[in-house]
Every structure is written in structure tokens, then in C-alpha cells.
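Engineer: In my numbering, the protein residues as written are 1220 to 1506. The C-beta atom is built at its ideal place from N, Cα and C for all residues, glycine as well. Note that the structure is predicted; figures quoted are calculated from it, not measured. Sending over a structure as C-alpha cells; questions will come in a sec.
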């Protein structure tokens, strides 16, 4: 059993020792947390660590190992504990889930540009891909790693870095950044195709925006969903939305601005965090 697995088992065993809180206990602890009581904060955190694990498991195949996801989620949990309003009508798990998800999703977005290799490797990897394709035709099957190494006359002891780079390049959840800011996919794949890491980052950011909509009323929520294409990936213009909901273009713009102002106010108050905007040219294209 690997060290990480042993560490996870020990962690799971430890957090299961802490019982869940009742609604009244949450309220009482939240009051003490607001007063700056570190013991109340720690107890509230420990009692909700299992919530982080349950959420982190959902993201386990998106680019980070479970232990890293849990660590990121715990940072979100800590923020939620420090900001939870004891007068809120909802349970802490409802409030904390949002913060935990945001922390995990931000970490996942960061992973798509976290691995770097020197630019001299680009040519080698390109040749490796070509050799693999040529051998597959000759052999009538996918070539083994050692066969490709032999074809390229590369000693096996020097192929580990190539294997690592190929693993990352083929992953749908990470990007290898080259010194000149190109990606491996730009060179060894068709650049006209949507790259997996781009799709993943955009998907996560859309999820983050969708999570924000629970803070709006029904009409504002509908308008933003259409405006940013959250349902079908096709953003609509103000005019198109107006025709759909039977409102003027300017009225739709006003409702959109009101909705964004509401979210911005929540950001300013520290109740929510603002996700990064994925497409900087959105307004020019869909105004």
C-alpha cells in the first residue's frame, strides 16, 4: 500500500472520531467563532471534515489526487466557518458546501498550467509520437514503450522524462507549459481542435458561475443562464433573450446588471468569492 493511501486511511479514521453537530450546536459555535474563539472554530472545522471528503470524491478524476482535493476543500471549509452567520436560516453544511466546492474548483483550474518542461523536449516528444505511429503501422498494433525507445536509439535509463511528459500531455486534466508559452498539444496535435485542458478549465469555471446563481431570484437566474450559455454552451445576445422572455433589450440589460450588482455586493461583503471570467471577448461578441 502506498504512503498516500496509508495517509488517507489514517485521516479517515481520525475524522470519523468527531461527531456531527446539531443545528443548535452550529449556531452556538458560530456565535463563539464570531467572537474570535479559536476552540469553537476548530471544533466546527473538525465536525465538518467528513463533508469535505464527500465533496472532494466527486472531483477525484479531474487532475488532482484525492488527498490534494481534500486539502483544498479544507481551506474552503475554514473560510466558511469563519464567515458563517449564526442567524442564517440554513444549516452550515448548505453554506459550507459552496465554499468547499469553490476552493476545490480553483485548485483544479490552476493544475491545467502547473507542469513545466524545458522547450528542448518539444522536438523529442514530436519525434516520439511519429515513431510510435510508424511502428503501429509496421507492427499492426500499438508499439510498446521500449520498442519506440529502440527505434529512436534512446537509452531506457534516459526515457523517464519522456514518459512523464507524455503522461501529462495525454491527460485531459493538465497542460505542459513550454518556455515559449506553447503547449505540447499545439505541436503534436491538431491545433484546430479544442484542447482537453481548455475544455476542462472552462467546464469548471462554468460550474463555479452556476453555483453563484442560487443567490439570485428566478428571473435574474434565467437571464444569466441564457446570457452566458450555461445550459447549452451558446450565449445569447440581449435582443435574443428579450425575445425569449418578452422584454425589451434594455430591460434585459438592466436585469443583467442588477443580477451582477447583487453578486458583486456579496463578493464585497465576503459572502462569496468571484470566479475568474473565462472569455474576455464575451461582451464584444455577445453584446
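Measure the C-alpha to C-alpha separation of residue 1316 and residue 1268 and round it to an integer number of angstroms.
Structural biologist: As a working mapping, residue 1316 is identified with position 97 in the chain shown. As a working mapping, residue 1268 is identified with position 49 in the chain shown. Each residue's alpha carbon lies about 11 Å from the other.
Engineer: Rounded to whole angstroms, how far is the Cβ of residue 1227 from the Cβ of residue 1286, which I believe are closer than 8 Å?
Structural biologist: Here residue 1227 refers to the residue found at position 8 of the chain shown. Here residue 1286 refers to the residue found at position 67 of the chain shown. Rounded, the Cβ-Cβ distance is 6 Å, consistent with contact.
Engineer: Taking a contact to mean a Cβ-Cβ separation below 8 Å, would you say residue 1446 touches residue 1475 in this structure?
Structural biologist: Start at 1 with the first residue of the chain shown, and residue 1446 comes out as number 227. Start at 1 with the first residue of the chain shown, and residue 1475 comes out as number 256. Yes, the Cβ-Cβ distance between residue 1446 and residue 1475 is below 8 Å.
Engineer: Pick helix, strand or coil for residue 1450, following the three-state DSSP scheme.
Structural biologist: Start at 1 with the first residue of the chain shown, and residue 1450 comes out as number 231. It is coil, neither helix nor strand.
Engineer: How many angstroms separate the CA atom of residue 1438 from the CA atom of residue 1481?
Structural biologist: Within the chain shown, the letter at position 219 stands for residue 1438. Within the chain shown, the letter at position 262 stands for residue 1481. Roughly 13 Å separates the two Cα atoms.
Engineer: Count the other CB atoms within 10 Å of the CB of residue 1461; is the residue buried (16 or more) or exposed (fewer)?
Structural biologist: Within the chain shown, numbered from 1, the residue matching residue 1461 stands at position 242. So residue 1461 ends up on the buried side.
Engineer: My guess is that residue 1458 and residue 1470 are in contact by the Cβ rule of under 8 Å, so how many angstroms apart are they, rounded?
Structural biologist: Here residue 1458 refers to the residue found at position 239 when the chain shown is read from its first residue. Here residue 1470 refers to the residue found at position 251 when the chain shown is read from its first residue. About 11 Å separates the two Cβ atoms, so there is no contact after all.
Engineer: Please state if the CB of residue 1237 and the CB of residue 1266 are separated by a distance shorter than 8 Å.
Structural biologist: Here the question's residue 1266 lines up with position 47 in the chain shown. Here the question's residue 1237 lines up with position 18 in the chain shown. The answer is yes: Cβ separation under 8 Å.
Engineer: What three-state label does DSSP hand residue 1281 in the structure shown?
Structural biologist: Here residue 1281 refers to the residue found at position 62 of the chain shown. Looking at residue 1281 - three-state DSSP - the assignment turns out to be coil, as it is neither helix nor strand.
Engineer: Considering only residues of the same chain and omitting the five flanking positions on each side of residue 1322, which have a CB-CB separation below 7 Å?
Structural biologist: Counting from 1 along the chain shown, the entry for residue 1322 is found at position 103. Once the five neighbours on either side are set aside, the close Cβ partners of residue 1322 are 1291, 1292, 1294, 1295.
Engineer: Figure out for me which residue from 1251, 1451, 1329 has the closest Cα to the Cα of residue 1281.
Structural biologist: Counting from 1 along the chain shown, the entry for residue 1281 is found at position 62. Per the Cα distances, 1329.
Engineer: What residue range does the alpha helix (DSSP H) around residue 1320 cover?
Structural biologist: Residue numbering aside, residue 1320 sits at position 101 when the chain shown is read from its first letter. That run of the alpha helix (DSSP H) goes 1311-1330.
Engineer: Please state if the CB of residue 1371 and the CB of residue 1346 are separated by a distance shorter than 8 Å.
Structural biologist: The count along the chain shown starts at 1 and reaches residue 1346 at position 127. The count along the chain shown starts at 1 and reaches residue 1371 at position 152. Contact: yes.
Engineer: Are the CB atoms of residue 1253 and residue 1300 nearer to each other than 8 Å?
Structural biologist: Locating residue 1253 in the chain shown gives position 34, counting from the first residue. Locating residue 1300 in the chain shown gives position 81, counting from the first residue. No. Outside cutoff.
Engineer: Within the continuous alpha helix (DSSP H) that includes residue 1461, where are the two ends?
Structural biologist: Mapped onto the chain shown, residue 1461 falls at position 242. That run of the alpha helix (DSSP H) goes 1457-1464.
Engineer: Which residue comes first and which comes last in the alpha helix (DSSP H) that contains residue 1250?
Structural biologist: Residue 1250 sits at position 31 when you count from the first residue of the chain shown. Its alpha helix (DSSP H) spans residues 1242-1253.
Engineer: Is any heavy atom of the ligand ATP found at a distance shorter than 7 Å from the C-beta of residue 1283?
Structural biologist: For the structure depicted, the ligand ATP is absent and the ligand set is empty, with no information on it obtainable.
Engineer: Under a Cβ-count criterion, where at least 16 other Cβ atoms within 10 Å of its own Cβ denotes burial, should residue 1375 be classed as buried or exposed?
Structural biologist: Start at 1 with the first residue of the chain shown, and residue 1375 comes out as number 156. Exposed: under 16 other Cβ atoms inside 10 Å.
Engineer: Suppose the cutoff is 7 Å on Cβ atoms and the five residues either side in sequence are ignored; what does the same chain contact list for residue 1362 look like?
Structural biologist: Within the chain shown, residue 1362 is the residue found at index 143, counting from 1. Hits under 7 Å: 1351, 1354, 1355.
Engineer: Measure the Cβ-Cβ separation of residue 1436 and residue 1444 and say whether it is below 8 Å.
Structural biologist: Mapped onto the chain shown, residue 1436 falls at position 217. Mapped onto the chain shown, residue 1444 falls at position 225. For residue 1436 and residue 1444, no; Cβs fall outside 8 Å.
Engineer: What separation, rounded to the nearest whole angstrom, lies between the Cα atoms of residue 1248 and residue 1271?
Structural biologist: Residue mapping note: residue 1248 aligns to position 29 of the chain shown, counting from 1. Residue mapping note: residue 1271 aligns to position 52 of the chain shown, counting from 1. When rounded, the distance between both Cα atoms is 19 Å.
Engineer: Judging by CA-CA distance, which residue of 1344, 1256, 1263, 1234 is the nearest neighbour of residue 1273?
Structural biologist: Sequence index remark: in the chain shown, residue 1273 carries index 54 (1-based). The option with the nearest alpha carbon to residue 1273 is 1234.
Engineer: Any idea if residue 1400 is buried or exposed, counting beta-carbon neighbours within 10 angstroms, 16 or more meaning buried?
Structural biologist: Numbered from 1 along the chain shown, position 181 holds the residue referred to as residue 1400. Because residue 1400 sits at a pLDDT of 33, beneath the cut-off of 50, its placement in the model cannot be relied upon, and the following sentence gives the value as read from the coordinates. Exposed.
Engineer: Distance, Cα to Cα, residue 1465 vs residue 1431?
Structural biologist: Against the chain shown, residue 1465 aligns to sequence position 246. Against the chain shown, residue 1431 aligns to sequence position 212. Each residue's alpha carbon lies about 25 Å from the other.
Engineer: According to DSSP, is residue 1234 part of a helix, a strand, or is it coil?
Structural biologist: Here residue 1234 refers to the residue found at position 15 when the chain shown is read from its first residue. In the structure shown, residue 1234 sits in a helix (DSSP, three-state: H, G or I).
Engineer: Using beta-carbon positions only, say whether residue 1307 and residue 1314 come within less than 8 Å of one another.
Structural biologist: Numbered from its first residue, the chain shown carries residue 1307 at position 88. Numbered from its first residue, the chain shown carries residue 1314 at position 95. For residue 1307 and residue 1314, yes; Cβs fall inside 8 Å.
Engineer: Is the distance from the Cβ of residue 1297 to the Cβ of residue 1264 below 8 Å?
Structural biologist: Within the chain shown, numbered from 1, the residue matching residue 1297 stands at position 78. Within the chain shown, numbered from 1, the residue matching residue 1264 stands at position 45. Yes; because the gap between Cβ atoms is below 8 Å, this pair is in contact.
Engineer: Could you check what DSSP says for residue 1263 in three-state terms: helix, strand or coil?
Structural biologist: Here residue 1263 refers to the residue found at position 44 of the chain shown. Note: residue 1263 maps to helix in three-state DSSP.
Engineer: Could you please give the first and the last residue of the uninterrupted alpha helix (DSSP H) stretch that includes residue 1432?
Structural biologist: Numbered from its first residue, the chain shown carries residue 1432 at position 213. Unbroken run through residue 1432: none, as it is neither H nor E.
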